[in-house]
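Numbering (the working numbering), first residue to last: 4 to 105.
Using N, Cα and C, we set each Cβ at its ideal position, and we do this for glycine too.
Since the model is a prediction, treat every value here as computed from it, not as a measurement.
What follows is a set of notes on a single structure, which appears directly below.
In structure tokens, the structure reads:
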């Protein structure tokens, strides 16, 4: 998020030529340790950010925030027709009983 001073500094680092952190599995390089750690979780499958409303978990906090926003939008009736985002959600209060796809 760019709203904080540190967020902007971290964002500028993504454009830096010097990438100090390199993935040994796919050779992708990163300028920040946190981005590198998030990336490694893609390879390991580790998901440290669980949704408090359903059974889904995410490897990045930003993905969890987006998911939680979708829950909030759905509760407010603002979610569009496509409901594929809910795949894996197990919150019975959020699933339409007439929707057999769950």
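The beta-carbon separation of residue 57 and residue 42, rounded to 25 angstroms, does not stay under the 8 angstroms limit for a contact. In this structure residue 59 is buried. Its beta-carbon is surrounded by 16 or more other beta-carbon atoms within 10 angstroms. Per DSSP, the continuous alpha helix (DSSP H) segment holding residue 69 begins and ends at 64–78. The beta carbon of residue 31 is closer than 8 angstroms to those of 25 and 42 in its chain, skipping five residues each way along the sequence. Proximity to residue 45 across 29, 55, 53 and 35 peaks at 29, based on C-alpha coordinates.
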